[in-house]
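Protein chains in written order, with the working numbering: chain A, 1 to 330; chain B, 1 to 347.
Heads up, the beta-carbon is just placed ideally off N, CA and C, and yes, glycines get one too.
All values reported here derive from a predicted model rather than from experimental measurement.
Given below as structure tokens:
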């Protein structure tokens, strides 16, 4: 299915391409199962881009102002075509809503997706180096160094977020191209929707929860991967954690469990109104800390308190930054 | 000197050496990963398997350590109490790439400045290496002229065969340790001579690719103004996961923590060159303002600046940067591009 979508994306792009445009999509890297962001300026190179079950990186991050400054040549005047999975499309919506990029600059291509692979799950199960990995309709087949084949049900090795199709909902926005069967996609999202996933916050008593959070966050090395990959984080060099000109730092570099908890609590409170639940922070974490227990909880609180879900549309004001006349004070 | 240890005796061997100091080994954690940790239960030790993501560097150069405590007296004089760690520790299961990294770190901390905190720890540490038989697909140690069985700065080098382990004792420190467990070990016959070369051959055949960097050692600065950096810095998100997992990254930042107006301590933490604030001047000028500059600095330091400074590559080919990168930047493709540019020039 994804092969067909890939071809359709190529076809669509060749039709809408104008000289001077930029395409942000995925391409193959030399290691098996690795897909890297591709920045393409020439029409002939469109064929190099791929879309398959390994395209886990969210490309929405590359649209914000700081990243554009780093990436785009000074003379750039064209349109940025960006290929997104439905979950990343929400991050793009939020980027529009936060006024990080003007909508006129972007042509958004949303592709139907039924899940992406968590490479770490495969590697942990094989416990050996993979030489190659291929996908069939329902399976992933990895070959290890000794030439032995390991087959996995795709379902077993998806990223955790792919089990909950509420992440796959399409945004309320008319300005995107959809590649794939839209009806089929909407039907799938509706039927498989699994809401109210049990989080530790629901099941554990407070003392155990505290213990668990302590245990998980004591492993944090504060490499900032979660912050820098987050499409909702765009304070760039003015971030509270490394604001250089501030005489007193909000949080010092002392890497202790207490400071790590403070770090993540500040971060998740700060991004709560823009967090679309794309799960990039958890994927990026080199220590595999289950960060979804925080952001999913915050997202749920936002929905219950304000009836607000980030990334639904392109122009909704952030609920924690806006106030309407006559509104109840919380 | 070479000794043999029966497979069944490993448990007893570890128990004996644990009596000599705190034992640090790859341990299976509850997240199914292996990590270098102080051993509580010997049964958790898992020497075999792929190299843990965190290197044993942190037991010689911890991410955060207190250097000294100070007390300011009324007359304006200060007394300083240094915190030196002198407890004996034994680290077991270190792969040759990490041994290479530790020997680089030792060279760095004793040449550029005498770092008492690290050198003191070093004096009380015994390193037991482990011949690598399970490389990952990110590994590239052969590209840097190393081999998967190098013993570099190890006190004892261990290798596993089907029936026993062989222990190559290399230093006086290693000899002292072996003497305490003498009854468990037997002499190794001459027939064991080719065990390590065989492991070397087998492991090298499993490593995915060899980009010979030794042939261009010392000339890599000619890639400085090349266009390859932009290609990688476009995707780079400048987080620092690569530097925090790198076994040879040696940068740190110091800061003070005050308890009262008179008492406090000075501590240091790892720092990363990928951070914007790393080179920011007080004037507001930043010589490495863009990501391209910072990515180039990291790579050039690994392959060129350290060669200029100490004559050594400060990359050991362990592949941890590739493993931890959230956007899959592959070090091997960077060094391939570097080699291309240095040997043939830009197209």
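Of the residues B/42, B/237, B/328, which one's Cα is nearest the Cα of residue 56 of chain A?
B/328
Among all the DSSP beta bridges, which residues are the ones paired with residue 144 of chain A?
A/130
Just grab the DSSP bridge partners of residue 66 of chain B for me.
B/267
What whole-angstrom Cβ distance do residue 24 of chain B and residue 91 of chain B have, given they're in contact under 8 Å?
The C-beta distance from residue 24 of chain B to residue 91 of chain B rounds to 5 Å, short enough to fall under 8 Å.
Between residue 112 of chain A and chain B, is any beta-carbon pair separated by less than 8 Å?
Not a single C-beta of chain B is nearer than 8 Å to the C-beta of residue 112 of chain A.
What residues of chain B sit near residue 149 of chain A, judged by a beta carbon separation below 7 Å?
Around residue 149 of chain A, no beta-carbon contact reaches into chain B at under 7 Å, the shortest distance being about 16 Å.
Could you please give the first and the last residue of the uninterrupted beta strand (DSSP E) stretch that includes residue 160 of chain A?
Unbroken run through residue 160 of chain A: none, as it is neither H nor E.
For residue 314 of chain B versus residue 104 of chain B, is the C-beta spacing smaller than 8 Å?
Judged by beta-carbon spacing, residue 104 of chain B lies within the 8 Å limit of residue 314 of chain B, meaning their Cβ atoms are closer than that value.
What is the rounded straight-line gap between the Cα of residue 266 of chain B and the Cα of residue 315 of chain A?
48 Å
Could you give the residue range of the beta strand (DSSP E) that holds residue 107 of chain A?
For residue 107 of chain A, the uninterrupted beta strand (DSSP E) run begins and ends at 106-111, by DSSP.
When the cut-off is 8 Å and only beta carbons count, does residue 4 of chain A lie next to chain B?
no
Under 8 Å between the Cβ atoms of residue 177 of chain A and residue 12 of chain A?
yes
Tell me which residues of the segment 18-45 of chain A have at least one Cβ-Cβ distance to chain B shorter than 8 Å, keeping chain order.
29, 30, 31, 32, 34, 35, 36, 37, 39
Hey, which unbroken runs of the alpha helix (DSSP H) at 4 residues or more fall wholly within the segment 58-119 of chain B?
96-111
Would you say residue 229 of chain A lies against chain B (beta-carbon separation less than 8 Å)?
yes
Bridge partners of residue 158 of chain B, per DSSP?
B/130, B/167
Out of B/305, B/179, B/283, B/271, state which residue places its alpha-carbon closest to the alpha-carbon of residue 224 of chain B.
B/305
Within 8 Å (strictly less), CB to CB, does residue 288 of chain B reach chain A?
no
Name, please, each residue of chain A whose Cβ falls closer than 7 Å to the Cβ of residue 253 of chain B.
253
Rounded to whole angstroms, what is the Cα-Cα separation between residue 2 of chain B and residue 285 of chain B?
57 Å
Would a check of beta-carbon distances place residue 83 of chain A closer than 8 Å to chain B?
no
Please classify residue 6 of chain A as buried or exposed, where buried requires at least 16 other C-beta atoms within 10 Å of its C-beta.
Burial call: buried.
Got a sec: is the Cβ-Cβ distance from residue 206 of chain B to anything in chain A below 8 Å?
At least one chain A Cβ lies under 8 Å of residue 206 of chain B.
Beta carbons nearer than 7 Å to chain B: which residues of the segment 196-230 of chain A have them?
221, 223, 224, 225, 228, 229
Quick check on residue 151 of chain B: buried or exposed, where buried means 16 or more other Cβ atoms within 10 Å of its Cβ?
When all chains shown are included, residue 151 of chain B counts as buried.
Compute the minimum distance between the beta carbon of residue 56 of chain B and the heavy atoms of the ligand HEM, and state whether it is under 7 Å.
Summarising the ligand content, the structure contains no ligands, and the ligand HEM is consequently not present.
Find the nearest neighbour of residue 161 of chain A within the set A/121, A/191, A/115, judged by alpha-carbon distance.
A/115
Interface residues of chain E around residue 70 of chain A at Cβ under 9 Å?
Absent from the structure: chain E. Protein chains present are A and B.
Identify, in the order they occur along the chain, each residue of the same chain with its Cβ nearer than 8 Å to the Cβ of residue 159 of chain A, setting aside the five sequence neighbours on each side.
The answer, listed in chain order, is 56, 115, 116, 117, 118, 279, 283.
Quick check on the DSSP output: what are the complete alpha helix (DSSP H) runs of length 4 or more inside the segment 27-115 of chain A, in order along the chain?
65-71, 86-97
Helix, strand or coil for residue 2 of chain B per DSSP?
DSSP, reduced to helix, strand and coil, places residue 2 of chain B within a strand of the structure shown.
Would you say residue 32 of chain B lies against chain A (beta-carbon separation less than 8 Å)?
So yes, residue 32 of chain B belongs to the interface.
Establish whether the CB of residue 49 of chain B and some CB of chain A are separated by less than 8 Å.
Yes - at least one Cβ of chain A is within 8 Å of the one on residue 49 of chain B.
Run through the DSSP bridge pairs and tell me what residue 254 of chain B is partnered with.
Answer is B/268, bridged to residue 254 of chain B.
If I follow the unbroken beta strand (DSSP E) through residue 138 of chain A, where does it start and stop?
Residue 138 of chain A -> no beta strand (DSSP E), and no H or E assigned at all.
On the three-pair Cβ rule with 8 Å, is the segment 296-316 of chain A touching the segment 268-277 of chain A?
yes
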